[in-house]
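Let me begin by presenting the structure, written as structure tokens, before commenting on it.
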């Protein structure tokens with residue numbers, strides 16, 4: 075459903091969609107699952123690994139990513155993902171893709187990465203703050219309903235000023251941004267919600283955003 079929705083956002087008949095599984099350490103099972111999920115769809119699925127020997131790539135990152143209609147970023151370890159992207163220069167090319175209007179998205183680490191900052195379980199033992207690419211303003215918390223520690227940690231970090239106000243997504247819910255504004259809120263499960271979380275008078279305020287079902 076998610077891939078089909080991203081494909082529709084490109085406006086192309088048979089869009090080229092690249093999967094970027096850096097956060098999984100280019101897991102083979104993740105890549106296989108990507109191709110399986112794309113098989114029934116009218117898309118051209120591609121994968122770009124980041125853990126590579128340089129001689130394996132004849133094309134530049136620009137050649138790869140800027141030729142796509144959409145880029146889907148995997149879940150996984152956001153901290154490792156960001157580190158690899160920065161040393162490889164992938165972060166700068168993704169910024170070019172953003173500026174050129176290529177559709178960018180993902181879930182978990184694949185949604186967190188686009189924001190200025192957010193919460194991650196990429197470090198041992200605890201959920202903590204992480205900085206992202208900063209394309210989207212504010213902060214983000216994925217897995218809001220599925221991991222008990224997520225909501226209180228997000229609230230605590232916003233209340234203390236360590237995190238900016240932002241958006242929290244339950245599993246199976248997401249936000250479409252256009253020009254850094256919320257354009258649409260969607261979910262594939264009726265119980266899944268999206269919240270804007272802010273601080274007013276020293277108190278946390280959660281505002282649930284109306285969501286539409288996508289199939």
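Residue numbers (the numbering used here): 75 to 289. The beta-carbon is built from N, C-alpha and C at its ideal position, and this holds for glycine as well. From a predicted model like this one, the values you see are computed outputs, not experimental measurements.
Practice problem: Could you check if residue 200 is buried or exposed, using at least 16 other CB atoms within 10 Å of its CB as the buried criterion? | Solution: exposed
Quiz item: Looking only at C-alpha atoms, which of 254, 240, 94 and 140 sits nearest to residue 278?
Solution: 240
Quiz item: Start and end of the beta strand (DSSP E) containing residue 247?
Solution: 247-252
Quiz item: With respect to the beta strand (DSSP E) encompassing residue 184, which residues constitute its N-terminal and C-terminal limits?
Solution: Unbroken run through residue 184 is the alpha helix (DSSP H), 183-186; no beta strand (DSSP E).
Exercise. Can you give me the Cβ contacts of residue 237 inside the same chain, cut-off strictly under 8 angstroms, excluding the 5 residues immediately before and after it?
Key: 191, 192, 193, 203, 213, 228 and 231
Quiz item: Can you tell which of 217, 267, 222 and 91 has the C-alpha that lies nearest to the C-alpha of residue 150?
Solution: 217
Quiz prompt | Continuous beta strand (DSSP E) stretch holding residue 216: start and end | solution = Run containing residue 216: none; DSSP gives neither H nor E here.
Quiz item: Hey, residue 178 and residue 145 are a contact pair by Cβ (cut 8 angstroms); roughly how many whole angstroms apart?
Solution: 5 angstroms
Quiz item: What is the C-beta distance between residue 285 and residue 260, in whole angstroms, given that I count them as a contact (C-beta under 8 angstroms)?
Solution: 6 angstroms
Quiz item: Thinking C-alpha only, which one of 100, 112 and 101 is nearest residue 76?
Solution: 112
Quiz item: Grouping DSSP H, G and I as helix and E and B as strand, with all else coil, what is residue 272?
Solution: strand
Quiz item: Under the three-state reduction of DSSP, which class applies to residue 90: helix, strand or coil?
Solution: strand
Exercise. Enumerate in chain order the residues of its own chain whose CB-to-CB distance from residue 220 is below 8 angstroms, with the five nearest sequence positions on each side excluded.
Key: 244 and 245
Self-check item: Burial state of residue 276 (16 or more Cβ within 10 Å)
Solution: exposed
Quiz prompt | Host alpha helix (DSSP H) of residue 226 (start-end) | solution = 224-233
Self-check item: residue 288 (DSSP reduced to helix, strand or coil)
Solution: coil
Self-check item: Bounding residues of the beta strand (DSSP E) (the contiguous stretch that carries residue 106)
Solution: First-last for residue 106: 102-112, but that is the alpha helix (DSSP H), not the beta strand (DSSP E).
Quiz item: Taking just the CA atoms, how far does residue 282 sit from residue 274?
Solution: 16 angstroms
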